[in-house]
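A.B. asks:
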Amino acid sequence: MDGSLFSFRVVVRVATMFAVAVMFFITIQNSVVISKGNERIQANQLETLTKVLITQAAMSAGNMIADQDQERLLTLTNQLATERLVFDASIYDSEGVLLAASDSALSVREVLGLDTPLHTASIGRQQLVEPVVHDGSLIGFVRITFETGKVTAISDHHYRKSDHNMYWMLLMSFVSGVLLTLLLRHRPKKPTGENLLLKQAEQPLNE
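The numbering used here applies: residue 32 is where the sequence shown begins, and numbers increase by one.
(1) What does the alpha-carbon distance come out to for the pair V64 and Y190?
(2) For M95, which residues from the same chain have a beta carbon less than 6 Å from its beta carbon, with the 5 sequence-adjacent residues on both sides left out?
(3) Starting from T106, follow the beta strand (DSSP E) in both directions and report where the run begins and ends.
(4) Between A74 and M54, what straight-line distance do the alpha-carbon atoms span, to the nearest angstrom?
(5) Any contact between the segment 112 to 121 and the segment 44 to 62? By contact I mean 3 or more CB pairs, one from each, below 8 Å.
(6) In terms of residue numbering, what span does the beta strand (DSSP E) encompassing S133 cover?
(7) If we ignore side chains and look at the alpha-carbon of each, how far apart do L202 and V42 end up?
(8) Pull up the CB-CB distance for S62 and Y198, whole angstroms please, since I reckon it's below 8 Å.
(9) List the whole-angstrom C-beta distance separating Q157 from T179, where the pair is believed to meet the contact cut-off of C-beta under 8 Å.
(10) Exposed or buried, what is S193 when buried is set at 16 or more other beta-carbons lying within 10 Å of its beta-carbon?
(11) Name the residue from T176, S91 and I170 whose alpha carbon lies nearest to the alpha carbon of E141.
(12) Following the continuous beta strand (DSSP E) through G171, name the residue where it begins and the one where it ends.
Structure representation (structure tokens):
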């Protein structure tokens with residue numbers, strides 16, 4: 032009887048430890064999935080933001096190119112360059128001739144880092160080109176270089192901090208569970224005093 036009870040307790044203990052290990056693994060796995068999901072959300076938000084910005088710039092440049100208003104085109108490119116997300120902006124006609132560029136604008140070759148080892152100059156930057164259409168005709172292009180590295184650095188710091196906080200909470204939850212188990216663990220009490228009834232029963236026998 033005692034052997035079967037001992038075996039049952041061992042099985043229950045092993046099953047409990049296995050269940051705890053599985054739950055801890057699933058929790059860690061889910062935290063990694065959440066972290067990857069945050070990165071995808073960040074990439075989608077950045078793509079949407081850059082697309083909206085360059086589309087609005089192309090719509091604004093349409094009438095300016097049609098009117099050949101060089102001054103307003105130059106003002107538009109410099110305004111775009113003041114955005115934190117934008118490194119430089121350039122506007123071309125339908126044949127690729129440069130019409131206006133921001134003060135800090137670089138050539139396509141320089142932005143792509145074609146003349147630097149491993150294209151290091153292009154790290155953290157992204158170029159987008161949007162066609163400019165006016166009255167149904169293609170009249171030019173808008174090229175904007177985005178400083179994606181700065182934007183992602185800020186959001187990466189936020190997401191990494193959130194991930195670290197989540198991992199700390201998981202660790203504290205696991206340690207709290209272990210400490211609570213140790214606290215509630217049942218231990219049989221050992222008799223510390225004399226048994227008075229047994230002592231009284233033994234006295235007549237001694238007499």
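All C-beta atoms in this analysis are idealised placements derived from N, C-alpha and C, irrespective of residue type, glycine included.
C.D. replies: Judging by the given coordinates:
(1) On the sequence shown, residue 64 is found 33 positions in, with the first residue counted as 1. On the sequence shown, residue 190 is found 159 positions in, with the first residue counted as 1. Taking the straight line from one Cα to the other gives about 13 Å.
(2) Translated into the one-based positions of the sequence shown, residue 95 becomes position 64. Hits under 6 Å: R103 and L104.
(3) Along the sequence shown, one-based indexing puts residue 106 at 75. Element bounds for T106: not the beta strand (DSSP E) but the alpha helix (DSSP H), Q101 to A112.
(4) Counted from its first residue, the sequence shown places residue 74 at position 43. Counted from its first residue, the sequence shown places residue 54 at position 23. Between A74 and M54, the C-alpha separation is close to 30 Å.
(5) no
(6) Along the sequence shown, read from residue 1 onward, the residue named residue 133 stands at position 102. Here S133 belongs to no beta strand (DSSP E), and DSSP marks it neither H nor E.
(7) What you label residue 202 is simply residue 171 of the sequence shown in a count that begins at 1. What you label residue 42 is simply residue 11 of the sequence shown in a count that begins at 1. Rounded to the nearest angstrom, the two C-alpha atoms are 27 Å apart.
(8) Taking the first residue of the sequence shown as position 1, residue 62 is located at position 31. Taking the first residue of the sequence shown as position 1, residue 198 is located at position 167. Indeed they touch by this definition, with Cβ atoms about 7 Å apart.
(9) The residue you call residue 157 lines up with position 126 of the sequence shown. The residue you call residue 179 lines up with position 148 of the sequence shown. Right, the Cβ-Cβ distance comes to about 5 Å (below 8 Å), so this counts as a contact.
(10) Residue 193 sits at position 162 when you count from the first residue of the sequence shown. That one is exposed.
(11) Position 110 of the sequence shown, counted from the start, is the residue given in the question as residue 141. Comparing Cα-Cα distances from E141 to each of T176, S91 and I170, the minimum goes to T176.
(12) Here residue 171 refers to the residue found at position 140 when the sequence shown is read from its first residue. Looking at the DSSP string, the run of the beta strand (DSSP E) that includes G171 is S168 to F177.
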